[in-house]
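Input: a single structure, listed below in C-alpha cells.
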Amino acid sequence: MDNTETILGTLDPDVTQQLVSRRAAILHGASVSSRVAAGLAMASVPVALAALATEAGAQSATDVTGVLNFALALEIFENEFYKAVLGVSTSAAQNNAFAPVRAQVPASALPALQQIQKHEAAHVAFLLANGATNSLGLVADSFDFTGNRGGGAGPFARATTELPFLLAVAQGAEDTGVRAYKGQAGNLLANRAVLEAALRIHSVEARHAAKIRRLRRATGAPGVVKYSGTISGGGAAAAGAGNITPAPSAGVVAAFDAIYGGEDTVTEAGKAIASLPNLPAGFDAAAASEAFDEPLSKAQVIAIVQPFFKPTLS
Amino acid sequence: MPSLFAACDDNNTSVTGPSGSATLNLTTDVGILNYAFALEQLEAAFYTAVVGSAAFSGMTAEQKEVMTDLRNHEVAHRELLRAVLGSSAIGDLALSTTAVGTAVASTASILKNAEAFEDLGVSAYNGAGKYLQDAANLLVAGKIVSVEARHAAAIRDLREGLSLAGTPAGTRFAGDDVVNAQGLDVKLEPSAVLTRVAATGIVTSSLSIGTSPTITAPTADAPPPATP
Chain Y
4 MDNTETILGT LDPDVTQQLV SRRAAILHGA SVSSRVAAGL AMASVPVALA ALATEAGAQS
64 ATDVTGVLNF ALALEIFENE FYKAVLGVST SAAQNNAFAP VRAQVPASAL PALQQIQKHE
124 AAHVAFLLAN GATNSLGLVA DSFDFTGNRG GGAGPFARAT TELPFLLAVA QGAEDTGVRA
184 YKGQAGNLLA NRAVLEAALR IHSVEARHAA KIRRLRRATG APGVVKYSGT ISGGGAAAAG
244 AGNITPAPSA GVVAAFDAIY GGEDTVTEAG KAIASLPNLP AGFDAAAASE AFDEPLSKAQ
304 VIAIVQPFFK PTLS
Chain U
135 MPSLFAACDD NNTSVTGPSG SATLNLTTDV GILNYAFALE QLEAAFYTAV VGSAAFSGMT
195 AEQKEVMTDL RNHEVAHREL LRAVLGSSAI GDLALSTTAV GTAVASTASI LKNAEAFEDL
255 GVSAYNGAGK YLQDAANLLV AGKIVSVEAR HAAAIRDLRE GLSLAGTPAG TRFAGDDVVN
315 AQGLDVKLEP SAVLTRVAAT GIVTSSLSIG TSPTITAPTA DAPPPATP
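Read top to bottom, the protein sequences are chains Y and U.
Just so it is clear: in the first sequence, position 297 is 300 by the working numbering, and no numbers are missing.
Just so it is clear: in the second sequence, position 51 is 185 by the working numbering, and no numbers are missing.
The following block contains the structure:
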C-alpha cells in the first residue's frame, strides 16, 4: 500500500460501497452497534471501519429466499430443542439427554412449553410451505444442545439437568429469535407478503420470550427479569441469570453477552430517549432500554447459535 | 436528516384538523408512522390513567410492576414517534376522560382493556409494517412491535387466573385465539384497526384514512377476538 491509497481503497469495492453508505447513515443518526460506537468514540477509525465491515458484510445475503432459509434453520433449532425438553423428539438420544430436567418442570409450566413448541413446529411447516429449503438437511440429531458442535459435554450441558439453567437458555433462544427476525425484516421489503408473515412470526417469538421471563421471575429469577416480559439493560446482565447456582461459566456468560449485546441502548433513531419530552417521573435508563428491542445481524445470530449446530451455518 | 424525511413527499401528508382530528395518507411513511403515533397516544393515555387510578393502589406488586412498565414503554413509544415525525406529526388526539375513567375503574377492567389494546397494537404493526417504504422506518416499527407483543403476553398471562374460554390453562400468553395454526400472530389492516379504536369511545378526535395504501393486502385480516 503506497501513500496515495486510503484504508478504504484497499478493501473490496462492494464492501467499500456498503461502508460508505452505512457510514453516511450513521453520521445521519442511524443507530450503531456498541462496537462501532466504541470505535468512533475512541476516534479509532480502523476499529470503527472493521466493525462496520462486519455489519455490512453480514447483510449481504439480501435475497428473500436466503432470509427464509435462515429463518427455517433457526425455527428447526428451536422446535427440536423444545421437543427434546418435552421428550417428544424423534431422537431417543435427545429425549434421554433432557430427561433429568424434564422431571423438574412443574406441571403448571408444561402447557406453556407445549404451546411454544407447537408454534415452533408450525413455523417450520409454514416456512417450508412458503419457499424455504432445509438445505442443511437439519434433523433432530443435527443439534448439540450442550453447545459443543456435536462433541457433547459443552458449556450448556447444565440445561439438561437444572431447571433454572434450562429456562435461561430457552429465554436466550427466544430473544435471539426475536432479534434475528428483526434484523432481517429490512431484507424482506422486496416481498411484502413474506415481510408480513415474518412480522407475524416475530411477534409470536416475542410472546414466547415474555412468557419464559415471567416463568423465571415467578420461580426466583432476579428483578432485572421483568414481569412485563421485556429486556432490561443489555449484555449478560440482561439475561438475569443471578438465580443460577453455581453461577454460569465464563463461556455461558459470553454467550449471554452476545445474545443481549446492544439491548441497553437508550438512543433510538438518533434520539436520546431520556431527553424526549413528556416522560413520567421515574423514567430511567432501564425503562428506555426495555421499551425497544434491538436487531441482530445474520452474522451475529450465526455466531450465537453455531455451537448448537453440528453443520456449519453461513 | 433522518431517513424518514427522505421518504416524505410533502404533498397530501397527514393533516391535523380541529379537535385533534387527523386524516392519514397511508401511501407515505409519514402517514404510517402517524397511524402508529395515534395508537401509541391512546395506549400511553390509558396506562397513564391506570397508574393514577384508585384501582392501581389495590393491585398486587406484580401487577403494579407490569402497569408501571407498560406506562413507561408506551410513553417512550409515543414520544419517539413524535420526535421522529417532527413537524410532520399529527397533533394530540382528544380523549374522553369519562371513557378512560370507565376503562380504569377496576383491576378487572384495566386488565381486560390492556389485553385488548396490546393485541390491537400487535395487530396494527403487523398489518402496517409491510406498507413502509424505508427500511429505517421499518426497523423503528420492528423495535416497537416486539415490545407490544411482550406486553400482550404479559397481560394475557396475568389474566390466567380468570380461566377464560378459548385458551387452555397456561397458554393464554400466546393463545390459540391470537396465534393461528401456522403459528402466525394477529394482524389487522389499518381501516379495521381504526374501526376498533373508534369503538373504544376513548378517542373523540376523528381519525380517518385519507389515502389508502396502494399495495393490496396480501392476506386476510387475522383479528384478535373480542376480549372476554
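Where is the CB? At the ideal position from N, CA and C, for every residue including glycine.
Give a yes or no on whether 8 Å exceeds the smallest Cβ distance from residue i to chain U.
i, result
"residue 267 of chain Y", "no"
"residue 204 of chain Y", "yes"
"residue 282 of chain Y", "yes"
"residue 295 of chain Y", "yes"
"residue 301 of chain Y", "no"
"residue 131 of chain Y", "no"
"residue 199 of chain Y", "yes"
"residue 230 of chain Y", "yes"
"residue 271 of chain Y", "yes"
Under a three-way DSSP split, which group does residue i fall into?
i, result
"residue 338 of chain U", "coil"
"residue 179 of chain Y", "helix"
"residue 345 of chain U", "strand"
"residue 200 of chain U", "helix"
"residue 297 of chain Y", "coil"
"residue 323 of chain U", "coil"
"residue 228 of chain Y", "strand"
"residue 317 of chain Y", "coil"
"residue 36 of chain Y", "For residue 36 of chain Y, the predicted model reports a pLDDT of 47, less than 50, meaning its position is unreliable; a value from the coordinates is still stated below. Coil."
"residue 146 of chain Y", "strand"
State the Cα-Cα distance for the pair residue i and residue j, rounded to the nearest angstrom.
i, j, result
"residue 314 of chain Y", "residue 139 of chain Y", "7 Å"
"residue 78 of chain Y", "residue 287 of chain U", "20 Å"
"residue 155 of chain U", "residue 256 of chain U", "23 Å"
"residue 82 of chain Y", "residue 227 of chain U", "44 Å"
"residue 262 of chain U", "residue 210 of chain U", "20 Å"
"residue 191 of chain U", "residue 115 of chain Y", "30 Å"
"residue 265 of chain Y", "residue 231 of chain Y", "20 Å"
"residue 154 of chain Y", "residue 289 of chain U", "41 Å"
"residue 146 of chain Y", "residue 310 of chain Y", "9 Å"
"residue 216 of chain Y", "residue 349 of chain U", "38 Å"
"residue 156 of chain Y", "residue 322 of chain U", "46 Å"
"residue 335 of chain U", "residue 295 of chain U", "28 Å"
"residue 272 of chain U", "residue 259 of chain U", "10 Å"
"residue 202 of chain Y", "residue 188 of chain U", "37 Å"
"residue 98 of chain Y", "residue 171 of chain Y", "19 Å"
"residue 272 of chain Y", "residue 163 of chain U", "15 Å"
"residue 356 of chain U", "residue 311 of chain U", "10 Å"
Is residue j closer than 8 Å to residue i when the C-beta atoms are compared?
i, j, result
"residue 262 of chain Y", "residue 204 of chain Y", "no"
"residue 163 of chain Y", "residue 103 of chain Y", "yes"
"residue 150 of chain Y", "residue 299 of chain Y", "no"
"residue 251 of chain U", "residue 213 of chain Y", "no"
"residue 292 of chain Y", "residue 235 of chain Y", "yes"
"residue 198 of chain Y", "residue 135 of chain Y", "no"
"residue 243 of chain Y", "residue 257 of chain Y", "no"
"residue 193 of chain U", "residue 241 of chain U", "yes"
"residue 172 of chain U", "residue 279 of chain Y", "no"
"residue 239 of chain Y", "residue 260 of chain Y", "yes"
"residue 346 of chain U", "residue 160 of chain U", "yes"
Using a Cβ-Cβ distance under 8 Å, would residue i count as near chain Y?
i, result
"residue 330 of chain U", "no"
"residue 203 of chain U", "yes"
"residue 273 of chain U", "yes"
"residue 244 of chain U", "no"
"residue 304 of chain U", "yes"
"residue 159 of chain U", "no"
Since residue i meets chain Y, which of its residues come closer than 7 Å, beta carbon to beta carbon?
i, result
"residue 254 of chain U", "Under the 7 Å cutoff, chain Y gives no residues; its nearest Cβ is about 13 Å from residue 254 of chain U."
"residue 339 of chain U", "Near residue 339 of chain U there are no residues of chain Y at all, since even the closest Cβ is about 18 Å away, more than 7 Å."
Output, in chain order, the set of chain Y residues within a Cβ distance shorter than 9 Å of residue i.
i, result
"residue 213 of chain U", "274, 276, 279, 280, 281, 282"
"residue 225 of chain U", "Those within 9 Å of residue 225 of chain U in chain Y number zero; the least Cβ separation is about 14 Å."
At a CB-CB cut-off below 8 Å, which residues of chain U make contact with residue i?
i, result
"residue 207 of chain Y", "283, 308, 313, 317, 318, 319"
Quick one: list the residues of chain U neighbouring residue i, beta-carbon separation under 7 Å, in chain order.
i, result
"residue 195 of chain Y", "264, 349, 352"
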